[in-house]
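For reference, the structure discussed in these notes is given below.
In the working numbering, the protein residues as written are -7 to 170.
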């Protein structure tokens, strides 16, 4: 059993990560088919197509549209198709994805060859800065000489030094220092 087969098996990490990404609201995905240089034979188009077909079927079951996912055969070890097109895979003509543009909401088609181009094609999620501040707390540190430092990620709104914020559900208010 190869690494791909282990990952796509019933309790494999590939399945787990795809399901987790969808469950957490990740809208865009890239599938890097790594170790293509270790395939039998090396740089095998048949192996790429086999993996692409299997992963496409699974991510479709999870809720993704495979037409919106770039599938890129790569070799992280050798560097094939990472930042520049590989000469070892003349059969790979590149990837094409369809999506709605986040700004214009119009259907568009994007294409490229490398993993870097696929990452550059990701549409950055809109940050709802016009909404009220919502910052779920991740951790709280008590630092001597400084005080209590809440840590979290701003989901909506904006936070700036000098702002007075209140914490729910207690209603405790404080000034943002930095």
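Even for Gly, the Cβ is constructed at its ideal location relative to N, Cα and C.
Leaving out five residues before and five after residue 156 in sequence, what residues of the same chain have Cβ atoms less than 8 Å from its Cβ?
The residues are 165, 166, 167, 168.
Determine the contact status of residue 94 and residue 125, defining contact as a CB-CB distance below 8 Å.
No. Outside cutoff.
Cβ atoms of residue 110 and residue 31: under 8 Å apart, would you say?
Result no, Cβ atoms of residue 31 and residue 110 do not sit closer than 8 Å.
Using 8 Å as the cut-off, can you tell me whether the segment 77 to 85 makes contact with the segment 113 to 130, which would need three or more C-beta pairs spanning the two stretches below that distance?
With a cut-off of 8 Å, the segment 113 to 130 and the segment 77 to 85 do not count as touching, because too few Cβ pairs lie within range.
Label residue 15 either buried or exposed according to how many other C-beta atoms from any shown protein chain fall within 10 Å of its C-beta, with 16 as the threshold for buried.
Residue 15 comes out exposed.
Identify the continuous alpha helix (DSSP H) that holds residue 6 and give its terminal residues.
Looking at the DSSP string, the run of the alpha helix (DSSP H) that includes residue 6 is 5 to 15.
Am I right that residue 41 and residue 66 are in contact with their C-beta atoms under 8 Å? What's the rounded C-beta distance?
Not a contact, Cβ separation roughly 15 Å.
DSSP on residue 141, reduced to helix/strand/coil?
The answer is strand: DSSP assigns residue 141 an E or B state.
Kindly provide the ranges of any beta strand (DSSP E) runs that are 3 or more residues long and lie completely inside the segment 36 to 100, ordered along the chain.
Qualifying beta strand (DSSP E) stretches, in chain order: 62 to 65, 87 to 92.
Starting from the Cα of residue 19, find the closest Cα among 170, 59, 0 and give me that residue.
When only C-alpha atoms are compared, the closest one is 59.
Skipping 5 residues on each side, what residues in its chain have a beta carbon closer than 6 Å to that of residue 102?
Answer for residue 102: 89, 113, listed in chain order.
Out of curiosity, what's the CA-to-CA distance linking residue 120 and residue 159?
Cα to Cα, the separation comes out at about 20 Å.
How about residue 74 and residue 106: are their beta carbons less than 8 Å apart?
Yes, the pair counts as a contact, with Cβ atoms nearer than the cut-off.
Can you tell me whether DSSP reads residue 129 as helix, strand or coil?
Here residue 129 sits in strand by DSSP.
Out of curiosity, what's the CA-to-CA distance linking residue 4 and residue -2?
Each residue's Cα considered, the two are about 6 Å apart.
Output the boundary residues of the alpha helix (DSSP H) element that contains residue 109.
Taken as a continuous stretch (DSSP letters only), the alpha helix (DSSP H) holding residue 109 covers 107 to 112.
Could you give the distance in angstroms between the alpha-carbon of residue 54 and the alpha-carbon of residue 127?
If you take the alpha carbons of residue 54 and residue 127, they lie about 29 Å apart.
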